[in-house]
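> After the structure tokens below, expect a handful of questions from me.
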Amino acid sequence: MTGPDPSSLIHDLLDGTAPFALIARDDATVEVLTGTVVDVELLADIPLVDADGTRREVLALVPYRQVRERGFIAHDDGAPLRCLVIEERMPLPRAAVLASLPSAPVALQDAGFDIDDEAYADIVRRVIADEIGRGEGANFVIRRDFVAGVDADPRVAALTWFRALLEHEKGAYWTFAVVTPGHIAVGASPEAHVSARDGIVTMNPISGTFRHPQGGATADTLAEFLRSTKETEELFMVVDEELKMMSAVCSDGGRITGPHLKEMSRLTHTEYMLRGRSTLDPRDILRETMFAPTVTGSPMQNACTVIARHETAPRGYYSGVAALFTPNGATEGPTHDLDAPILIRTAYLVDGRLRVPVGATLVRHSDPYGEVGETHGKAAGVLGAIGAIPRDVPTLPADADPDAPVAPRRPLAEDPAIAELLASRNERLAPFWMNPQDPDGSGPFAGRTALVVDAEDRFTTMLAHQLRHLGLDARIVHWSEATDADVDAADLVVAGPGPGDPRDDASDRISAMHHVVSRRLSRRAPLLAVCLSHQVLADQLGIDLAPLPQPHQGLQKSVDVFGERASIGFYNTFTARLPQTLPDGVEVAADPVTGDVYALRGERFSSVQGHLESILSRDGMRTLERLIAAAL
């Protein structure tokens, strides 16, 4: 029995009106998916099971506006949560599909970025000064769009671009074309946001963008990039942010492996893999991980607010996901597996207008024109493939035979110097997150309870996971829902981190954290205060607060914590400063030169400015145990 003829099938797709999707997830096969389109309001409404109990395979395009399900802010453009309920799946040989796809160039009109380079550089400066510089977060992704007019038939354009991406954009996690009424998406996404198979959840944070020089990347040029402090810290920050998500959906918190290289046609990225176990419905996993910090920022909730302030137009599907839910035959537990790449490096065609959104990750070290260049580099892979800009042509030596076969280039990751540089990154990281994890409740504080008050930074999910490893029965409560009864009942209250100015009297959130800290202090009940709450505690003890000259966002420091050196990750814009006279009964660990206060302890309380739960806190677990013991 033979399968469908690729040429006839592609002809039918071009001439027809029915919705379809083409997906290439490996080098050998293109999956052709056909079915019916259903638009739904919520992730929970994605129709995985029919009324009669039949499990359905569904491909969902999840727009950025869906973050509203988590209570986050987003410009609402009404982009639908679009589901292709699959009625037929046809795996076809990739080579045969490629040969059957149209290849004539698609002409573009009035092509260019909607925000020019100087205007985008100004946005970068404002975000660094007004957002990162004022403690609103560690990093933010702000986008701009390459736009053009397209006169070609939309289906012809979609399949032409799909062919071009298959041919010219290597290293993609998914290469895809999704054609539905009034909307087309064609892309080559390098990044798997989240997958769930057989109870194992995987996330794949990719960050750091090395733009290949003319003629291609070499080990020497890549090594210079890998030594960049900005690029290294950028990757560590997004790993931290995705570990927050993993700790929320996985019973074992998540384990990291890597780093690896993701080599594409014009760019090379660095990446880690995060894996953990979960029994959640895949739609719930998707909701709790909306969306990747690599395309939004951190902390996630504040990143959405910052995006809304600095992006004047809605994102549509950019930074959302294409989520494929496939029945797995399980008789108990989740009934579907999930495979969800991020919707980046994607061209959208609606009403004759092409749009290719791209963004740069802005951090404290960002150079405005460097970030402008990053958006050009990210757009170039898609734009070069579809012919909107010239494609890179390999440079040959003057005496080379152009007709001679070209030997495949060894992956740069196999170069010994590159492999050593990558491996050296892990020497800085917390072994806790790189080793297998499965808390059994037998730690040194077994039998006691902990309440973690979330001040809108989900580092609290990682903190709670570590507390459980130390034996505590830990639960998290949002600051707005933390009642006095909750605060009083716990054996230990952990007042958590969050964005913003600890001196902001007008903020309900800051006021609530002051109340939690004050209540525990007045009752002499065990309290551990972290980052923002450490600053709140210092303020209540009469210790002055001040902004740092340069924010410590994703910064690793070796500091003395009450007589013991500890390597700790910091994410702070404000600091407590060592006073001339300490309050009675209060001990301080501080920088001897600047006076920055790293930790406090006294009767039934302790605090830390750094994030002991961060992957940057190599000595985090040891320090956390010491501070909890001091508070108890």
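Each residue of the sequence shown is one higher than the one before, starting from 1057 at the first, in our numbering.
In this text, a Cβ means the ideal position worked out from N, Cα and C, and glycines have one as well.
Indicate whether the contact test is met: 3 or more Cβ pairs, each with one atom in the region 1179-1199 and one in the region 1415-1435, closer than 8 Å.
Yes, the region 1179-1199 touches the region 1415-1435.
> What does a CB cutoff of less than 7 Å around Val1449 pick up in its chain, not counting 5 residues either side in sequence?
Residue placement at Val1449 is poorly supported in this model, since its pLDDT is 49, which falls under 50; the coordinates still yield a value, given next. Taken in chain order, the list of residues that qualify is empty.
> Could I get the ranges of all uninterrupted alpha helix (DSSP H) runs contained in the region 1493-1569, with 4 residues as the minimum, in chain order?
For the region 1493-1569, whole alpha helix (DSSP H) runs of length 4 or above, ordered along the chain, are 1515-1525 and 1540-1545.
> Which class does Ala1163 belong to by DSSP, given the choice of helix, strand or coil?
Coil at Ala1163, not helix or strand.
> Based on the DSSP output, what are the partners of Tyr1627 in its beta bridges?
Gln1609.
> Taking DSSP as the reference, what is the three-state secondary structure of Phe1128?
Looking at Phe1128 - three-state DSSP - the assignment turns out to be coil, as it is neither helix nor strand.
> Have a look at Gly1372, Asp1308 and Gly1429 and flag the residue whose alpha-carbon is nearest the alpha-carbon of Arg1138.
Of Gly1372, Asp1308 and Gly1429, the residue nearest in Cα terms is Gly1372.
> For a quick check, are the C-beta atoms of Gly1556 and Phe1515 less than 8 Å apart?
Not closer than 8 Å, so no.
> Confirm, please, whether the CB-CB distance from Leu1342 to Leu1394 is below 8 Å.
In this structure, Leu1342 lies closer than 8 Å to Leu1394 by Cβ.
> At which residues does the alpha helix (DSSP H) containing Asp1296 begin and terminate?
Its alpha helix (DSSP H) spans residues Thr1285 to Val1305.
> Closest to Ala1687 by C-alpha separation, out of Leu1583, Pro1261 and Thr1368, would be which residue?
Answer by Cα proximity: Leu1583.
> Tell me the rounded alpha-carbon separation between Phe1128 and Leu1089.
Distance between the alpha carbons of Phe1128 and Leu1089: 33 Å.
> Relative to the ligand COA, is the shortest distance from any of its heavy atoms to the C-beta of His1571 smaller than 7 Å?
The ligand COA is not part of this structure, which contains no ligands at all.
> Between Ala1622 and Asp1561, what straight-line distance do the alpha-carbon atoms span, to the nearest angstrom?
Answer to the nearest angstrom: the Cα atoms are 33 Å apart.
> Since I believe Ile1079 is in contact with Phe1232 (beta carbons under 8 Å), could you give me their beta-carbon distance rounded to a whole number of angstroms?
About 5 Å; that satisfies the 8 Å criterion.
> For Ala1486 and Arg1331, I'd like the C-alpha separation in whole angstroms.
Roughly 16 Å between the two C-alpha positions.
> Would Leu1668 and Ile1624 be called neighbours here (beta carbons separated by less than 8 Å)?
Contact: yes.
> Can you check which of these residues, Ala1273, Ala1632 and Glu1659, is closest to Asp1647 by C-alpha distance?
That would be Ala1632, whose Cα lies nearest to the Cα of Asp1647.
> Thinking just about the alpha-carbon of each residue, which of Asp1172, Asp1178, Pro1467 and Arg1124 is nearest to the one in Met1346?
When only C-alpha atoms are compared, the closest one is Arg1124.
> Put Lys1318 into one of helix, strand or coil per three-state DSSP.
In the structure shown, Lys1318 sits in a strand (DSSP, three-state: E or B).
> Can you tell me which of Glu1659, Leu1601, Ser1670 and Ser1673 puts its alpha carbon nearest to the alpha carbon of Thr1650?
Considering only alpha carbons, the answer is Leu1601.
> Measure the C-alpha to C-alpha separation of Leu1069 and Ile1442 and round it to an integer number of angstroms.
Between Leu1069 and Ile1442, the C-alpha separation is close to 20 Å.
> I believe Phe1630 touches Gln1591 by the beta-carbon criterion, under 8 Å. Please report the beta-carbon distance rounded to the nearest angstrom.
Going by Cβ atoms, the distance from Phe1630 to Gln1591 rounds to 6 Å, so yes, they are a contact pair.
> I need the DSSP call for Pro1149, collapsed to helix, strand or coil.
In the structure shown, Pro1149 sits in a strand (DSSP, three-state: E or B).
> Output the boundary residues of the alpha helix (DSSP H) element that contains Val1212.
That run of the alpha helix (DSSP H) goes Pro1210 to His1224.
> With C-beta atoms as the reference, is Arg1111 less than 8 Å away from Thr1335?
No. Outside cutoff.
> Work out the CA separation of Lys1318 and Gly1309 for me, nearest whole Å.
Taking the straight line joining both Cα atoms gives about 25 Å.
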